[in-house]
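Below: the structure, in structure tokens.
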Amino acid sequence: MDGFGIRIEGLSKRYGEGDTAVDALKDVNMNVAPGEVVGLIGPSGSGKSTLLKCLGAVIEPTAGKMTLGDEVIYDNGWKIPDLRALRRDRIGFVFQAPYLIPFLDVTDNVALLPMLAGRPNGESRKRALELLEALDVAHRAKAQPSQLSGGEQQRVAIARALANQPPVILADEPTAPLDSERALSVVRILNQMAQQFNTAIIVVTHDEKIIPTFKRIYHIRDGKTFEEKGQALS
Amino acid sequence: MISLAGRDILHSWSKFVLTGIGLGLLIGVTLTMAGVYRGMVDDAKALLNNSGADLWVVQQDTQGPYAESSSIHDDVYRSLLSLPGVARAANVTYLTMQVRLDNTDVRAMVVGFEPGQPGEPGYLIAGRHITRNHYEAVADVKTGFQLGDTIRIRRHDYRVVGLTKRMVSSGGDPMVFIPLKDAQEAQFLKDNDAILNERARTAANPTLNRPGVPGLLEAIQASQNANRNVNAVLVQVSPGSPPETVANEVRRWKHLQAFTRVQMEEILVAKLIATSAKQIAMFLVILAVVSAAIVAFIIYTMTLGKIREIAVLKLIGTRNRTIAGMILQQALGLGLIGFLVGKISATVWAPFFPKYVLLEPGDAVRGFVVVMLICALASTLAIRAALRVDPATAIGG
Ligand SMILES: Nc1ncnc2c1ncn2[C@@H]1O[C@H](COP(=O)(O)OP(=O)(O)OP(=O)(O)O)[C@@H](O)[C@H]1O
Ligand SMILES: [Mg+2]
Numbered sequence: 035m036d037g038f039g040i041r042i043e044g045l046s047k048r049y050g051e052g053d054t055a056v057d058a059l060k061d062v063n064m065n066v067a068p069g070e071v072v073g074l075i076g077p078s079g080s081g082k083s084t085l086l087k088c089l090g091a092v093i094e095p096t097a098g099k100m101t102l103g104d105e106v107i108y109d110n111g112w113k114i115p116d117l118r119a120l121r122r123d124r125i126g127f128v129f130q131a132p133y134l135i136p137f138l139d140v141t142d143n144v145a146l147l148p149m150l151a152g153r154p155n156g157e158s159r160k161r162a163l164e165l166l167e168a169l170d171v172a173h174r175a176k177a178q179p180s181q182l183s184g185g186e187q188q189r190v191a192i193a194r195a196l197a198n199q200p201p202v203i204l205a206d207e208p209t210a211p212l213d214s215e216r217a218l219s220v221v222r223i224l225n226q227m228a229q230q231f232n233t234a235i236i237v238v239t240h241d242e243k244i245i246p247t248f249k250r251i252y253h254i255r256d257g258k259t260f261e262e263k264g265q266a267l268s
Numbered sequence: 096m097i098s099l100a101g102r103d104i105l106h107s108w109s110k111f112v113l114t115g116i117g118l119g120l121l122i123g124v125t126l127t128m129a130g131v132y133r134g135m136v137d138d139a140k141a142l143l144n145n146s147g148a149d150l151w152v153v154q155q156d157t158q159g160p161y162a163e164s165s166s167i168h169d170d171v172y173r174s175l176l177s178l179p180g181v182a183r184a185a186n187v188t189y190l191t192m193q194v195r196l197d198n199t200d201v202r203a204m205v206v207g208f209e210p211g212q213p214g215e216p217g218y219l220i221a222g223r224h225i226t227r228n229h230y231e232a233v234a235d236v237k238t239g240f241q242l243g244d245t246i247r248i249r250r251h252d253y254r255v256v257g258l259t260k261r262m263v264s265s266g267g268d269p270m271v272f273i274p275l276k277d278a279q280e281a282q283f284l285k286d287n288d289a290i291l292n293e294r295a296r297t298a299a300n301p302t303l304n305r306p307g308v309p310g311l312l313e314a315i316q317a318s319q320n321a322n323r324n325v326n327a328v329l330v331q332v333s334p335g336s337p338p339e340t341v342a343n344e345v346r347r348w349k350h351l352q353a354f355t356r357v358q359m360e361e362i363l364v365a366k367l368i369a370t371s372a373k374q375i376a377m378f379l380v381i382l383a384v385v386s387a388a389i390v391a392f393i394i395y396t397m398t399l400g401k402i403r404e405i406a407v408l409k410l411i412g413t414r415n416r417t418i419a420g421m422i423l424q425q426a427l428g429l430g431l432i433g434f435l436v437g438k439i440s441a442t443v444w445a446p447f448f449p450k451y452v453l454l455e456p457g458d459a460v461r462g463f464v465v466v467m468l469i470c471a472l473a474s475t476l477a478i479r480a481a482l483r484v485d486p487a488t489a490i491g492g
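So the sequence lines, in the order shown, correspond to chains B and E.
Quick note: the first sequence uses my numbering, first residue 35, plus one each step.
Quick note: the second sequence uses my numbering, first residue 96, plus one each step.
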């Protein structure tokens, strides 16, 4: 495995131009190793979503460098040509709500990613079932997303994020709609998956309940990050 | 790769099927409209074919006998028979009138013809041809008459001895065939009071009622009441004579108009049916626009309902092409359901139409292509909306 999962150096993002310009990110540095789960917390308007979108390759930073594994993604205005394929193959996303595709069953929701990447259907479904097994929702493999409980849906969403074995997973408030017991179980699962699949996981959260579980936390305020060692036991 | 469109259709099949049925009924109406036009053309052709004529000889400067009224003397056919290339010639009359059976009136085109001559109905589906010179009739099944019925045309009763099929006028009225003499009488018959009046008027005219010329008044009165007119003469040319040449002869020498079958078809289809055809074409255009609007609206609403999923699909790296393809396939799927429903419903309800509806396979194929094109076109609105979706919206603000 690579020495580092995801690393950003001097990343900044400016929205708009002239008088109305907003500097949402100012010289942000971050480094998450494979197998590590870090928290990203900050007050409203501090730039959490902006950072997540830059990391997720949906918006481009104005300046700075980002490296994923051993691949440079952005470098001061330069970017790799195909961000869409990068998102598909190298980044996993977990959202606030599961956002499963309602017209695909549980297996195909997960298998869709390898399929989009051009893998055969059979192989994609086999991989999906393995992940559903790992996340303890294999018994609902044939169900429609609407037939699942909130916790089950979120586990399927995590399986989907893992489907293409990305080096990094970005989780945007993944526990927001869950009660504390389920929230903690989601975090436990994320930690377990990070270990099992050697994935770097960044969790944006407001959730007081789960903050103590992180070994490392990035605080973000006014577009700047500060690192803090978490209280979590190893 | 799985078919996203197919999965979505299966997932919300009830919505799809219901919309498809609604669209299908509209398409069914469209196919039927086309069938109505085809039916009119086919009726016209059947009318010409079944008359067994090669030429229609009518009054000069008219386009009779179907499109305009035409009146010629009933002895004209004899002089036509003397022309080279004419094998057979026979008088016919056409008159649209009410035919009475018991207490109901049926609107029909009464055709007077000479048994065994051109103008006789081609084939019968029941009964026999007319053998007597008077008071027998052959009726088209569409009149609802049956063998043995006694029908009343003007002042005389006729027995239905035979039935035809698909013998209708260009207006769609079923035909009733009766002997020529009876038809002439029915067409030009004056009532008794009118005859008495006419006689008195002639008798009071000193130039027509001369005391020194016995028999003149009676002769004039007889000629006034005898009916010497028919609407057309149907001509069969002898083998080897081109109808067009014979038609030219008739026009040149007889001061009559003559039409070949091709010209007659042109008159019926291009002139008589033309307005109806334009009417139908107008309907087809409106129906196409309405169908397009429905498909566009449905697909657009369905797509707007999936904006979140589309953002997620884009975020996880789905190509724009795949998303556009999904929407396009759904629109085409809707079109396919609609077309099938439309084709089936048109086939089911076509026989119940009062006029002949001819559903041509070629029209179905053209209709299918047009439906698919309309659906593809209608989906562009939704596709544009989907392609505008920003994948970043999948990540909260
Ligand atoms: N598209 C945009 N155009 C202009 N300004 C933006 C845009 N998106 C975000 N901003 C601004 O950038 C700053 C950071 O916003 P961001 O959404 O990253 O905050 P956040 O930390 O996610 O806040 P919250 O916790 O409320 O979601 C804010 O001042 C916001 O107004
Ligand atoms: Mg936010």
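Every residue, glycine too, gets a C-beta built ideally from N, C-alpha and C.
(1) Tell me which residues pass a beta-carbon proximity test against ligand 1: closer than 6 Å to any heavy atom, given in chain order.
(2) Strictly under 9 Å for the Cβ-Cβ distance: is arginine 122 of chain B near chain E by that measure?
(3) For glycine 115 of chain E and chain B, any beta-carbon pair shorter than 9 Å?
(4) Quick check: the Cα distance between cysteine 470 of chain E and threonine 247 of chain B, rounded to an integer number of angstroms?
(5) To the nearest angstrom, report how far apart valine 325 of chain E and glycine 207 of chain E are at their CA atoms.
(6) Determine which residues of the stretch 404-419 of chain E have a Cβ less than 9 Å from any Cβ of chain B, and write them out in chain order.
(7) Quick check on threonine 54 of chain B: does DSSP put it in helix, strand or coil?
(8) Given the structure, does valine 92 of chain B come close to ligand 2, in the sense that its CB is under 8 Å from one of the ligand's heavy atoms?
(9) Give a yes or no on whether the minimum CB-CB distance between arginine 483 of chain E and chain B is below 9 Å.
(10) Please name the residues in the stretch 131-158 of chain B whose beta-carbon is closer than 7 Å to at least one beta-carbon of chain E, in chain order.
(11) Using DSSP's beta-bridge definition, name the partner residues of serine 46 of chain B.
(12) Counting contacts by CB-CB distance shorter than 9 Å, is methionine 35 of chain B in contact with chain E?
(13) Considering asparagine 186 of chain E, what are the terminal residues of the beta strand (DSSP E) in which it resides?
(14) Among B:Leu204, B:Ile244, B:Val238, B:Val237, which one has its Cα closest to the Cα of arginine 216 of chain B?
(15) Is valine 237 of chain B near ligand 2, judged by its Cβ being under 8 Å from some heavy atom?
(16) How big is the Cα-Cα spacing for leucine 74 of chain B and asparagine 143 of chain B?
(17) Going by DSSP in three states, histidine 23 of chain B sits in which element: helix, strand or coil?
(18) List the endpoints of the continuous beta strand (DSSP E) containing methionine 270 of chain E.
(19) Given that a residue counts as buried once 16 or more other Cβ atoms are within 10 Å of its Cβ, and exposed if not, what is asparagine 292 of chain E?
(20) Okay, do the stretch 303-312 of chain E and the stretch 97-112 of chain E touch, 3+ Cβ pairs below 8 Å being the bar?
(21) Going along chain B in order, which residues have a C-beta closer than 9 Å to the C-beta of arginine 102 of chain E?
(22) Contact criterion: CB-CB distance below 9 Å. Does glutamate 207 of chain B meet it with respect to chain E?
(23) From valine 332 of chain E to tyrosine 172 of chain E, what distance separates their C-alpha atoms?
(24) Suppose the cutoff is 8 Å on Cβ atoms and the five residues either side in sequence are ignored; what does the same chain contact list for aspartate 36 of chain B look like?
(25) Any idea what DSSP makes of phenylalanine 231 of chain B, helix, strand or coil?
(26) Taking contact to mean 3 or more Cβ pairs, one atom from each stretch, closer than 8 Å, check whether the stretch 134-147 of chain E and the stretch 166-174 of chain B are in contact.
Let me spell this out:
(1) B:Tyr49, B:Gly50, B:Val56, B:Ala58, B:Gly76, B:Ser78, B:Gly79, B:Ser80, B:Gly81, B:Lys82, B:Ser83, B:Thr84, E:Gly492
(2) Here residue 122 of chain B refers to the residue found at position 88 of the first sequence. Yes - at least one Cβ of chain E is within 9 Å of the one on arginine 122 of chain B.
(3) Here the question's residue 115 of chain E lines up with position 20 in the second sequence. So no, glycine 115 of chain E is outside the interface.
(4) As a working note, residue 470 of chain E is residue 375 in the second sequence. As a working note, residue 247 of chain B is residue 213 in the first sequence. Cysteine 470 of chain E and threonine 247 of chain B: Cα-Cα distance of roughly 53 Å.
(5) Here residue 325 of chain E is taken as the residue at index 230 of the second sequence, counted from 1. Here residue 207 of chain E is taken as the residue at index 112 of the second sequence, counted from 1. C-alpha separation (whole angstroms): 9 Å.
(6) Glu404, Ala406, Val407, Leu408, Lys409, Leu410, Ile411, Gly412, Thr413, Arg414, Asn415, Thr417
(7) Reading the first sequence from its first residue, position 20 is the one you call residue 54 of chain B. In the structure shown, threonine 54 of chain B sits in a helix (DSSP, three-state: H, G or I).
(8) The residue you call residue 92 of chain B lines up with position 58 of the first sequence. False, no ligand heavy atom lies under 8 Å from that Cβ.
(9) Taking the second sequence and counting its residues from 1, one reaches residue 483 of chain E at position 388. Closer than 9 Å: no.
(10) Tyr133, Ile135, Pro136, Phe137, Leu138, Asp142, Leu147, Met149, Leu150, Asn155
(11) Taking the first residue of the first sequence as position 1, residue 46 of chain B is located at position 12. Partner(s): B:Ala97.
(12) The residue labelled residue 35 of chain B in the question sits at position 1 within the first sequence. Model confidence at methionine 35 of chain B stands at a pLDDT of 43, short of 50, so the residue's coordinates are unreliable and nothing is read from them.
(13) To locate residue 186 of chain E, count along the second sequence from 1; it is residue 91. Where asparagine 186 of chain E is concerned, the enclosing beta strand (DSSP E) stretches over 181-196.
(14) As a first step, residue 216 of chain B must be located in the first sequence, where it is residue number 182. Closest option to arginine 216 of chain B, Cα to Cα, is B:Ile244.
(15) On the first sequence, residue 237 of chain B is found 203 positions in, with the first residue counted as 1. No - ligand 2 has no heavy atom lying nearer than 8 Å to the Cβ of valine 237 of chain B.
(16) Taking the first residue of the first sequence as position 1, residue 74 of chain B is located at position 40. Taking the first residue of the first sequence as position 1, residue 143 of chain B is located at position 109. Roughly 27 Å between the two C-alpha positions.
(17) Because chain B is modelled from 35 through 268, residue 23 of chain B falls outside the range shown and cannot be assessed.
(18) Numbered from its first residue, the second sequence carries residue 270 of chain E at position 175. Where methionine 270 of chain E is concerned, the enclosing beta strand (DSSP E) stretches over 270-274.
(19) Against the second sequence, residue 292 of chain E aligns to sequence position 197. Label assigned to asparagine 292 of chain E: exposed.
(20) no
(21) What you label residue 102 of chain E is simply residue 7 of the second sequence in a count that begins at 1. Near arginine 102 of chain E (Cβ distances below 9 Å), the residues of chain B are Ile135, Phe137, Leu138, Asp139, Asp142.
(22) Along the first sequence, read from residue 1 onward, the residue named residue 207 of chain B stands at position 173. For glutamate 207 of chain B, the answer is yes, since a Cβ of chain E falls inside 9 Å of its Cβ.
(23) Position 237 of the second sequence, counted from the first residue, corresponds to residue 332 of chain E. Position 77 of the second sequence, counted from the first residue, corresponds to residue 172 of chain E. When rounded, the distance between both Cα atoms is 13 Å.
(24) Taking the first sequence and counting its residues from 1, the one referred to as residue 36 of chain B is at position 2. Bear in mind that the predicted position of aspartate 36 of chain B carries a pLDDT of just 45, short of 50, making it too unreliable to give a figure here.
(25) Counting from 1 along the first sequence, the entry for residue 231 of chain B is found at position 197. Helix.
(26) no
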